[in-house]
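Worksheet for the structure shown next.
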Amino acid sequence: MSEPVIDLHTHSSVSDGTETPTQLVRAAVAAGLTTVALTDHDSTAGWHEAFEAAKGTGLTIVPGMELSTNYGPASVHVLAYLFDPLDAAVVSETARIRDGRLHRAERIVERIAADYALTWDDVLAEATDGASLGRPHIADALVRRGHVPNRSAAFESILHWQGGYYEKYYAPSPLEGVEMIVAAGGAPVLAHPAAHGRYRVIEESAIKKLKDAGLFGLEIHHRDNTADGQARLFELATKFDLAVTGSSDYHGAGKPNRLAENTTSPEVLERLYATATGYAPVTS
Ligand code: AMP
Ligand code: FE
Ligand code: FE
Ligand code: ZN
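Counting in the working numbering, the sequence shown tops out at residue 285, every number present.
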């Protein structure tokens, strides 16, 4: 038996990753992963393709999603694992968020187009049909037009939340998100809770409320969490008996993050399997 290598946060072209679920699964196998979670933003549309692509490889797929939530002015991401993708609330709420993303992206593009050569069709050309649309797709269109060299540069300038073109989109509160995922049998984990540049980090009393609502864990091992933030998160994980996860947040060529640059322990994976009841991990 090889050592388990568990990466619980990746994106495909169903949201803002640059690889299809099939390509992502191949990359995961090539990188030596034994378990990978597919966690596209606000969408489960890639699950089936990932299951099919993993057939015969021995790779275990943990189906998941990265749910957008709004916490005051801050955007807080909630990773959700092993929930029922047909749950009525999950289906309607994620559709509402994706629709909000689409119209918000259109408005951002309209405003950028007043200052730069850019069209809505440019952006649509960067996304797969029905993808969860976001700033990364606008970034790719800006790169193709030659306005910026890469996604990161776009996020540091034109697409920065203080860059003059930014706009938020509809999302539930973190508490509503956690409650919805738990009701659908899933296990929710706060994604990169101490990331650089967060408007404010979610405070202890709020984490306590989320724990009481069924929060499973905190994604502490993630490149965007600051060192100070990680130390504080470890204290909170101990205090509230929250699982500690680690993951890459791989986006293919869309981000420098590499598969398995951070990983989750087999013990935490077992705890996840014992907690979530909405869907089973898939190995074939
Ligand atoms: P949005 O949800 O549309 O506001 O866009 C946020 C998304 O952009 C997140 O999912 C990140 O994966 C991605 N993102 C944020 N910062 C960067 C960056 N510097 N380079 C590439 N992608 C980024
Ligand atoms: Fe993303
Ligand atoms: Fe995120
Ligand atoms: Zn992510």
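For every residue, glycine included, the Cβ atom is placed at its ideal position computed from N, Cα and C.
Inset, instruction - Note down, in chain order, each residue of its chain lying with its Cβ closer than 6 Å to the Cβ of His12, except the 5 sequence neighbours on either side. - result: Within the same chain, His12 has close Cβ partners Gly18, Asp41 and His252.
Legend entry - Given 8 Å, three or more beta-carbon pairs between the segment 133-144 and the segment 152-167: By the criterion of at least three beta-carbon pairs nearer than 8 Å, the segment 133-144 is in contact with the segment 152-167.
Legend entry - Residue burial classification, Pro74 (beta-carbon count within 10 angstroms, cutoff 16): By the neighbour-count rule (16 or more Cβ atoms within 10 Å), Pro74 is not buried but exposed.
Inset, instruction - Could you name the residues of the same chain whose beta carbon sits closer than 6 Å to that of Ser266, not counting the 5 residues immediately before and after it, in chain order? - result: Correct list: empty, nothing qualifies.
Legend entry - Test: Ile62 CB closer than 8 Å to a CB of chain C: Absent here is chain C; the protein component of the structure consists of one chain.
Inset, instruction - Report whether the distance from the Cβ of Ser16 to the nearest heavy atom of ligand 2 is below 7 Å. - result: Yes, ligand 2 has a heavy atom inside 7 Å of this Cβ.
Inset, instruction - Give me the Cα-Cα distance between Arg99 and Pro173, rounded to the nearest whole angstrom. - result: Arg99 and Pro173 have their C-alpha atoms spaced approximately 12 Å apart.
Inset, instruction - Kindly examine ligand 4 and report whether one of its heavy atoms sits closer than 7 Å to the Cβ of His1. - result: Coverage of the chain is limited to positions 2 through 285, which leaves residue 1 absent and any answer about it impossible.
Legend entry - beta-carbon Glu168 near ligand 3 non-hydrogen atom, thresh 7 Å: False, no ligand heavy atom lies under 7 Å from that Cβ.
Inset, instruction - Taking 8 Å as the cut-off, decide whether the C-beta atoms of Leu260 and Ala32 are in contact. - result: A contact, by the Cβ cut-off of 8 Å.
Legend entry - Secondary structure, beta strand (DSSP E): runs of 3+ residues fully inside the segment 36-97: Segments of the beta strand (DSSP E) lying fully in the segment 36-97: 36-39, 61-72 and 75-82.
Inset, instruction - Note down, in chain order, each residue of its chain lying with its Cβ closer than 7 Å to the Cβ of Ala118, except the 5 sequence neighbours on either side. - result: If we look at Ala118 and ignore the five residues flanking it on each side, its Cβ neighbours are Arg146.
Inset, instruction - Verify the contact flag: Lys56, CB atom, against every heavy atom of ligand 1, threshold strictly below 7 Å. - result: Checking every heavy atom of ligand 1 against the Cβ of Lys56, none is found closer than 7 Å.
Inset, instruction - Write down every uninterrupted run of the alpha helix (DSSP H) in the segment 137-200 whose length is 4 residues or greater and which is fully enclosed by it, in chain order. - result: Counting only runs of 4 or more, we get 152-157 and 175-184.
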